[in-house]
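Asker: What follows is a single structure, and I will ask about it in a moment.
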């Protein structure tokens, strides 16, 4: 595929049309939407994971499918943004089992509405808070059936960000543990909240408050991490090595560490 500049806003419109309109044949000979029902389940918190088949996209727009494979990380964000925008319209029942983060977001949104009740300053929660904090689902792509598997030693730096298939032997896995994806901090001087999106297993916690009050007054407010308002995801490390027949043939073992959320 040639490297071309993509218009991401146009692609987001295509993604929305795809999710709304893609249909499959049912056993009784009718057509049914493959993704709308799943989106409604996400909106009602009856489903937490959405898997998009690249083969489905390829039947509608092969160029978009190729773009996703070449820049999977970016298109995961685009798909997640589109899904998040669609969910409020698809929600048709109250969430029964709310978790701590649900209660936290509802409380902060209510406070925001009360503070700006008689003004035009009320802000959309999606603009007020990091999108990763508001997102309550995980989105993944299923590789095309025709995609070839790579051996462990074939995985190179140029594959970073791409959607690939790797064949190997799992030699070790860690236990499933929580990993922070959005850190929420509170200032000990002005009380303002600060959010830190985190995209790697390690991070440097924020220390100084960046709020307008602290900056203007030079208060030197210090931040404290609040686990209750932070978002955590399930995380596991997997170590894979090349298959035995390849190791015997090339006489040099290659291993890779894989990190993934669950």
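In the working numbering, the protein residues as written are 68 to 329. Where a beta carbon is used, it is the ideal one built from N, C-alpha and C, also for glycine.
What are the boundary residues of the beta strand (DSSP E) that includes residue 208?
Answerer: Position 141 of the chain shown holds residue 208. First-last of the beta strand (DSSP E) with residue 208: 205-209.
Asker: Using the C-alpha atoms, what's the distance from residue 286 back to residue 87?
Answerer: Residue mapping note: residue 87 aligns to position 20 of the chain shown, counting from 1. Residue mapping note: residue 286 aligns to position 219 of the chain shown, counting from 1. About 50 Å.
Asker: Which residues in the same chain have their Cβ closer than 8 Å to the Cβ of residue 236, if we skip the five residues on either side of it in sequence?
Answerer: Position 169 of the chain shown, counted from the start, is the residue given in the question as residue 236. Same-chain partners within the cutoff: 307, 308, 309, 310, 311.
Asker: Considering only DSSP beta bridges, list what residue 169 is partnered with.
Answerer: If you number the chain shown from 1, residue 169 lands on position 102. The partner list for residue 169 (beta bridge, DSSP) is empty, contrary to what the question assumes.
Asker: Just the C-alpha distance for residue 250 and residue 158, rounded to the nearest angstrom, thanks.
Answerer: Start at 1 with the first residue of the chain shown, and residue 250 comes out as number 183. Start at 1 with the first residue of the chain shown, and residue 158 comes out as number 91. Answer to the nearest angstrom: the Cα atoms are 27 Å apart.
Asker: Following the continuous alpha helix (DSSP H) through residue 106, name the residue where it begins and the one where it ends.
Answerer: The residue you call residue 106 lines up with position 39 of the chain shown. Per DSSP, residue 106 belongs to the alpha helix (DSSP H) from 103-110.
Asker: Identify, in the order they occur along the chain, each residue of the same chain with its Cβ nearer than 6 Å to the Cβ of residue 232, setting aside the five sequence neighbours on each side.
Answerer: Along the chain shown, one-based indexing puts residue 232 at 165. Closer than 6 Å at the Cβ level, and outside the excluded window around residue 232, lie 210, 214, 216.
Asker: Does the beta-carbon of residue 146 have 16 or more other beta-carbons within 10 angstroms, so that it is buried, or is it exposed?
Answerer: Locating residue 146 in the chain shown gives position 79, counting from the first residue. Classification of residue 146: buried, given that the 10 Å Cβ count is 16 or more.
Asker: If you count every other CB in all the chains shown that lies within 10 Å of the CB of residue 132, and 16 or more means buried, which is it?
Answerer: Locating residue 132 in the chain shown gives position 65, where the first residue counts as 1. Buried, because 16 or more other Cβ atoms sit within 10 Å of the Cβ of residue 132.
Asker: Measuring CB to CB, does residue 200 end up less than 8 Å from residue 262?
Answerer: The residue labelled residue 200 in the question sits at position 133 within the chain shown. The residue labelled residue 262 in the question sits at position 195 within the chain shown. Yes, these two residues count as a Cβ contact at 8 Å.
Asker: In this structure, does DSSP put residue 271 in helix, strand or coil?
Answerer: Numbered from 1 along the chain shown, position 204 holds the residue referred to as residue 271. Three-state result, residue 271: coil.
Asker: Using a threshold of 8 Å, state whether the C-beta atoms of residue 83 and residue 153 are closer than that.
Answerer: If you number the chain shown from 1, residue 83 lands on position 16. If you number the chain shown from 1, residue 153 lands on position 86. Taking 8 Å as the Cβ cut-off, residue 83 and residue 153 qualify as a contacting pair.
Asker: Check for me: the beta strand (DSSP E) holding residue 99 runs from which residue to which?
Answerer: The sequence position of residue 99 within the chain shown is 32, counting from 1. Residue 99 -> beta strand (DSSP E) spans 98-100.
Asker: Rounding to the nearest angstrom, what Cα-Cα distance links residue 255 and residue 222 in this structure?
Answerer: Here the question's residue 255 lines up with position 188 in the chain shown. Here the question's residue 222 lines up with position 155 in the chain shown. The alpha-carbon atoms of residue 255 and residue 222 are separated by roughly 47 Å.
Asker: Which residue marks the beginning of the beta strand (DSSP E) containing residue 299, and which one marks its end?
Answerer: In the chain shown, residue 299 corresponds to position 232, counting from 1. Per DSSP, residue 299 belongs to the beta strand (DSSP E) from 298-308.
Asker: Taking the CB atoms as reference points, tell me whether residue 42 and residue 148 lie closer together than 8 Å.
Answerer: Because the chain in this structure spans residues 68 to 329, residue 42 falls outside the shown range and cannot be described.
Asker: For residue 150, count neighbouring Cβ atoms within 10 angstroms of its own Cβ and tell me buried if that reaches 16, exposed if not.
Answerer: The count along the chain shown starts at 1 and reaches residue 150 at position 83. Classification for residue 150: buried.
Asker: Sorted by chain position, which residues of the same chain lie with C-beta nearer than 7 Å to residue 292's C-beta, five sequence neighbours on each side aside?
Answerer: Here the question's residue 292 lines up with position 225 in the chain shown. These residues qualify, in order along the chain: 250, 252, 272.
Asker: Just to confirm, is the Cβ distance from residue 298 to residue 168 under 8 Å?
Answerer: In the chain shown, the residue the question calls residue 298 occupies position 231. In the chain shown, the residue the question calls residue 168 occupies position 101. Contact flag set, yes.
Asker: Can you tell which of 230, 246, 280 has its C-alpha closest to the C-alpha of residue 265?
Answerer: Numbered from its first residue, the chain shown carries residue 265 at position 198. The alpha carbon of residue 265 has as its nearest neighbour, out of 230, 246, 280, the alpha carbon of 246.
Asker: In chain order, what residues of the same chain lie with their CB nearer than 7 Å to the CB of residue 202, ignoring the 5 residues before and after it?
Answerer: Along the chain shown, read from residue 1 onward, the residue named residue 202 stands at position 135. Hits under 7 Å: 147, 151.
Asker: Take residue 205 as the anchor and find which of 160, 257, 113 has the nearest alpha-carbon.
Answerer: Counting from one through the chain shown, the residue named residue 205 turns up at place 138. Distance from the Cα of residue 205 is smallest, within the candidate group 160, 257, 113, for 113.
Asker: Taking the C-alpha atoms as reference points, what is the distance between residue 90 and residue 99?
Answerer: Mapped onto the chain shown, residue 90 falls at position 23. Mapped onto the chain shown, residue 99 falls at position 32. Residue 90 and residue 99: Cα-Cα distance of roughly 5 Å.
Asker: With H, G and I counted as helix, E and B as strand and the rest as coil, what does DSSP make of residue 127?
Answerer: Along the chain shown, one-based indexing puts residue 127 at 60. It is helical.
Asker: Within 10 angstroms of the Cβ of residue 224, are there 16 or more other Cβ atoms? Answer buried if so, exposed if not.
Answerer: The residue you call residue 224 lines up with position 157 of the chain shown. By the neighbour-count rule (16 or more Cβ atoms within 10 Å), residue 224 is not buried but exposed.
Asker: Taking just the CA atoms, how far does residue 73 sit from residue 242?
Answerer: As a first step, residue 242 is located in the chain shown; it is residue number 175 there, counting from the start. As a first step, residue 73 is located in the chain shown; it is residue number 6 there, counting from the start. So the two alpha carbons sit approximately 39 Å from each other.
Asker: Quick one: Cα of residue 106 to Cα of residue 117, how far?
Answerer: The sequence position of residue 106 within the chain shown is 39, counting from 1. The sequence position of residue 117 within the chain shown is 50, counting from 1. Approximately 8 Å, taken between the alpha carbons.
Asker: Quick one: Cα of residue 120 to Cα of residue 294, how far?
Answerer: As a first step, residue 120 must be located in the chain shown, where it is residue number 53. As a first step, residue 294 must be located in the chain shown, where it is residue number 227. The alpha-carbon atoms of residue 120 and residue 294 are separated by roughly 35 Å.
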